[in-house]
Amino acid sequence: MQRGPIMGWLLLLLVSALSVLLMYAMLAPEKF
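In the numbering used here, each number is its position in the sequence shown, counted from 1, plus 920.
This is the structure:
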């Protein structure tokens, strides 16, 4: 299931961005 390094990097970036957003939502709930 190898599609190339770009797909993996995009997936990793998406997962890290989602985790950062979730942590920010947990730390600052009044912003949402």
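Cβ coordinates follow ideal geometry from the N, Cα and C atoms, glycine included.
**Report entry** Close beta carbons around leucine 947, own chain, < 7 Å, minus the five adjacent residues each side
**Finding:** Your numbering for residue 947 matches position 27 in the sequence shown. Excluding residues within five positions, none has a Cβ falling inside 7 Å.
Query raised in the report: How many Å lie between alanine 937 and methionine 943 at the Cα?
Result: Working through the sequence shown from its first residue, we reach residue 937 at position 17. Working through the sequence shown from its first residue, we reach residue 943 at position 23. Cα to Cα, the separation comes out at about 10 Å.
Report task. Taking only the alpha-carbon atoms, compute the straight-line gap between methionine 927 and serine 939 and give it to the nearest angstrom. Result -> The residue given as residue 927 occupies position 7 in the sequence shown. The residue given as residue 939 occupies position 19 in the sequence shown. C-alpha separation (whole angstroms): 18 Å.
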